[in-house]
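Chains as they are written, first to last, in this note's numbering: chain A, 26 to 86; chain B, -9 to 388.
Beta carbons are placed, not taken as given, at the ideal position from N, Cα and C, and that holds for glycine.
Everything on this sheet refers to the single structure shown next.
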Ligand SMILES: Cc1cc2nc3c(=O)[nH]c(=O)nc-3n(C[C@H](O)[C@H](O)[C@H](O)COP(=O)(O)OP(=O)(O)OC[C@H]3O[C@@H](n4cnc5c(N)ncnc54)[C@H](O)[C@@H]3O)c2cc1C
Ligand code: SF4
Ligand code: SF4
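And the structure:
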């Protein structure tokens, strides 16, 4: 089983809040496109901070 | 693209724009890069600013002023309203800006002063040599390039990734990140001369909800809550939607934005060899009001002034750049940041009952001065016990 971060770009308001709280500097906001660019430890801090609920840590078989 | 400048500025917000303008006016070669395709959009702001603060940096212009504010109202959980009126206070209240135009004007002025401005260009990493920042690796419309500079001013806002990649700790703790959502609404019944702040743990836990007018029937209606209170079903957007459904059910939303306001202490140090950090990236937002436009302009300008002197003297080491860090820390802004941080840490512990009691104690006041300090002093006069709880503040309230 693996854990990963899922970004819902239809919900995302490209505000950068998640970028600022990520302890791993894993996220990158490229103008209006949020991208997971580096290793993510699936800690879920970004998902907590997101004002719009656009992020989710998901567990996959 | 030219690839060598005296000063390189990362970010085209108010901090970067003031840095670029000041640096160019001092005779430096200056480049400002902005990762977005357009300066000023999307807006991440409620756009309120004090008049006196604004005038320190630019002459007010109707082209980017959306509303002239005469009063502020604080509304406690049970509806007790504290109204602070301009004609009773000795100083002026503020404006609500149109930041799409305001931010452009600032960058325009920087360009006019001689700075190069390049949009759709993102700094991906600092160029490091012997532990010192010597410029930035960028992606300019997808093309990799190196831009070298004597000093880099990181004014990259909330994200603050540039300073982080140069070795500074810019991560905002979850509980000190205000998670925000805002609608620009029209066709709503508001007091067009009043900025309204709603407090309470049901309305906006550890934060507040605001209605900032931008016209007779138009306003920024937004909210900030602490990151630690943010969860599925109780996110900033959820609280905002509930407030809007109750108070402005027939309003029309013509813009929806999100944002993050860091209300932690400023960075432990805002300089390094060849690097200065300004504005939100330096975490100099007022922790009580969440206001950061003025502080961004102040730190951007000061950073460029100190950088200019250091470049002229041929030394851009951390030690040489230190007067910038010391300068803003000992300024009025630095003192207010420290004091309001402590006030914030106290206020986030209050439950709704306590908030109501405090609000009721000052419901009929008329303040001589329009400021957070004046409000706190009044609260203490009426609730002397507060001073015991606010011990940490005693020395800073004189
Ligand atoms: C919802 C909300 C409401 C607010 N309300 C108010 C208010 O009413 N009054 C007030 O005074 N303040 C308010 N603020 C705070 C205010 O918006 C900020 O303090 C202010 O914008 C800070 O200016 P800045 O120049 O430091 O950063 P910003 O204005 O954020 O500018 C930073 C710029 O850097 C760019 N950038 C980032 N990374 C890179 C990179 N790697 N390369 C190139 N460019 C990059 C960004 O795209 C951005 O344009 C609010 C904030 C939010 C989120
Ligand atoms: S915090 Fe949420 S809305 Fe903001 S950029 Fe990240 S995912 Fe998008
Ligand atoms: S889950 Fe944690 S590590 Fe992964 S992007 Fe979010 S904050 Fe960063």
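Counting C-beta pairs closer than 8 Å gives three or more between the region 39 to 55 of chain B and the region 93 to 106 of chain B, which meets the contact rule.
Within the chosen limit of 7 Å, ligand 1 reaches the beta carbon of residue 23 of chain B through at least one heavy atom. Per DSSP, reduced to three states, the secondary structure at residue 19 of chain B is coil, with no helix or strand assignment. Contact between residue 101 of chain B and residue 107 of chain B holds, since their C-beta atoms are separated by about 5 Å, short of 8 Å.
Assignment of residue 291 of chain B by DSSP, reduced to helix, strand and coil, places it in the helix class. For residue 72 of chain A against residue 81 of chain A, the beta-carbon gap comes to about 6 Å, under 8 Å, which counts as contact. Contact annotation for residue 55 of chain A against chain B: 25, 112, 129 [CB-CB distance below 9 Å, chain order].
Here DSSP, grouped into helix, strand and coil, assigns residue 93 of chain B to helix.
About 14 Å separates the beta carbon of residue 83 of chain B from that of residue 56 of chain B, a gap too long to meet the 8 Å contact definition. Relative to ligand 1, residue 270 of chain B has its C-beta within less than 7 Å of a heavy atom.
Distances from the CA of residue 227 of chain B to each of B:252, B:194, B:203, B:208 were compared; the closest alpha carbon is that of B:194.
Put simply, the backbone Cα of residue 273 of chain B is about 15 Å away from that of residue 316 of chain B.
The criterion of a C-beta distance shorter than 8 Å is not satisfied by residue 243 of chain B and residue 287 of chain B.
Closer than 8 Å to the CB of residue 70 of chain A there is at least one CB belonging to chain B. With its beta carbon less than 8 Å from one in chain A, residue 150 of chain B belongs to the interface.
From the beta-carbon of residue 35 of chain A, no residue of chain B is found nearer than 8 Å; the closest lies around 13 Å away. With the criterion CB distance below 7 Å from any heavy atom of ligand 3, the matching residues run A:30, A:43, A:46, A:47, A:48, A:49, A:51, A:52, A:61, A:65, A:66, A:67, A:68, A:69, A:70, A:71, A:72, A:80, A:82 along the chain. The Cβ atoms of residue 122 of chain B and residue 263 of chain B sit closer than 8 Å to each other.
Apart from the 5 residues on each side of it in sequence, residue 140 of chain B sits with its Cβ closer than 6 Å to the Cβ of -4, 301, 306 in its chain, given in chain order.
Interface flag for residue 161 of chain B against chain A is set, since a Cβ pair is found closer than 8 Å.
In the structure shown, residue 151 of chain B falls within a helical segment according to DSSP collapsed to helix, strand and coil. Between residue 40 of chain A and residue 249 of chain B, the beta carbon gap of about 5 Å places them in contact (Cβ cut-off 8 Å). In terms of side-chain proximity, the C-beta atom of residue 39 of chain A is found nearer than 7 Å to a non-hydrogen atom of ligand 2.
Each of B:-6, B:111, B:3, B:-8 was checked against the Cα of residue 283 of chain B, and the nearest Cα belongs to B:3. If you keep only unbroken beta strand (DSSP E) runs of at least 3 residues inside the region 123 to 189 of chain B, you get 133 to 144, 167 to 176, 184 to 188. Within the region 35 to 64 of chain B, the runs of alpha helix (DSSP H) that reach at least 4 residues and sit entirely inside it are, in chain order, 41 to 45. If you draw a straight line from the Cα of residue 151 of chain B to the Cα of residue 160 of chain B, it comes to about 8 Å. Short note on residue 4 of chain B: C-beta closer than 7 Å to some heavy atom of ligand 1.
Here DSSP, grouped into helix, strand and coil, assigns residue 274 of chain B to coil.
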